[in-house]
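Visitor: Once you've had a glance at the structure underneath, I'll fire off some questions.
Numbering (the working numbering), first residue to last: 4 to 265.
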């Protein structure tokens, strides 16, 4: 039996092309309408670009979500930030905590699918924003800088939570350990970004902590002599500059800490 070429649109080249490759063949022949769907390739201009829906669940503080939101801003990917009460319909201590994957925040929802743990979320956001080095060793170096910066974690509750005598005690402890961390980071800094000319997610992570230190005790930055160079480079990044200029500001640190809109 003979098969009409106007029905199946099979050419001589199709007969010599492995089956797994045939779905990659793009043809403008109208007869492709008769081919199985797995064989027909839809031209790019016929496809719809569907934006990824990103939602961040976190507390109203300046803390672990910041480098992540900076990465999304750099990638020009909108991300809605919701409190646990707004998203779960209940307070953190009233059951929202049990709704999260690991009992903590932040949680990122990607088209409704949850991703937890701030480090994992940051690396995911960085991969979307192309803020991860292509070379595996460079990528590991980038990650090591971000991990080293996390030793400054006490800066977050100092800015957002502690008050009174507790703030005073915790600040003293932070001021005792911070210089060593900053000196070690300074040794790894090349400029204008940590690994040289290109920005990566480690720069966003370090920037986050440096900006908190400026709020707690600016004199500590003397142990990272080029902190202002790194901070200026990050603040000039497209998307990031607008995000930083418009985010809420921490006020009344150590007394009654809170965020206020600009």
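We put the CB at the ideal spot given by N, CA and C, even for glycine. The structure presented is a predicted model; accordingly, all values stated were derived computationally and were not measured.
Closest to residue 265 by CA distance: which of 256, 259, 249, 103 is it?
Guide: In the chain shown, counting from the first residue as 1, residue 265 sits at position 262. It is 249.
Visitor: So the alpha helix (DSSP H) residue 146 belongs to, where does it begin and stop?
Guide: Here residue 146 refers to the residue found at position 143 when the chain shown is read from its first residue. Taken as a continuous stretch (DSSP letters only), the alpha helix (DSSP H) holding residue 146 covers 139 to 152.
Visitor: Could you check what DSSP says for residue 233 in three-state terms: helix, strand or coil?
Guide: Along the chain shown, one-based indexing puts residue 233 at 230. If DSSP states are grouped into helix, strand and coil, residue 233 belongs with the helices.
Visitor: Quick one: using the 10 Å Cβ neighbour count with 16 as the cut-off for buried, is residue 139 buried or exposed?
Guide: The residue you call residue 139 lines up with position 136 of the chain shown. It counts as exposed.
Visitor: Give me the Cα-Cα distance between residue 59 and residue 119, rounded to the nearest whole angstrom.
Guide: As a first step, residue 59 is located in the chain shown; it is residue number 56 there, counting from the start. As a first step, residue 119 is located in the chain shown; it is residue number 116 there, counting from the start. Cα-Cα distance, rounded: 10 Å.
Visitor: Do you know offhand how far residue 230's Cα is from residue 213's?
Guide: One-based indexing of the chain shown puts residue 230 at position 227. One-based indexing of the chain shown puts residue 213 at position 210. Going by the C-alpha atoms only, they are around 7 Å apart.
Visitor: Please state whether the Cβ-Cβ distance between residue 163 and residue 64 is less than 7 Å.
Guide: Locating residue 163 in the chain shown gives position 160, where the first residue counts as 1. Locating residue 64 in the chain shown gives position 61, where the first residue counts as 1. Cβ atoms of residue 163 and residue 64: closer than 7 Å.
Visitor: With a cut-off of 8 Å, do at least 3 Cβ pairs link the stretch 161 to 180 to the stretch 196 to 207?
Guide: Verdict: no, contact absent.
Visitor: Go through the stretch 55 to 133 residue by residue and report every complete run of the beta strand (DSSP E) that reaches 3 residues or more, in order.
Guide: If we require 3 residues or more, the beta strand (DSSP E) runs fully inside the stretch 55 to 133 come out as 57 to 60, 82 to 85, 110 to 113, 116 to 119.
Visitor: Please state the DSSP three-state secondary structure of residue 262.
Guide: For this step, residue 262 is matched to residue 259 along the chain shown. If DSSP states are grouped into helix, strand and coil, residue 262 belongs with the strands.
Visitor: Could you tell me which of 79, 184, 206, 191 sits nearest to residue 226, measuring between CA atoms?
Guide: Indexing the chain shown from 1 puts residue 226 at position 223. Of the candidates 79, 184, 206, 191, the one whose C-alpha sits nearest the C-alpha of residue 226 is 184.
Visitor: Are there 16 or more other CB atoms within 10 angstroms of the CB of residue 69, so buried, or fewer, so exposed?
Guide: Counting from 1 along the chain shown, the entry for residue 69 is found at position 66. With 16 or more Cβ atoms within 10 Å of its Cβ, residue 69 is classed as buried.
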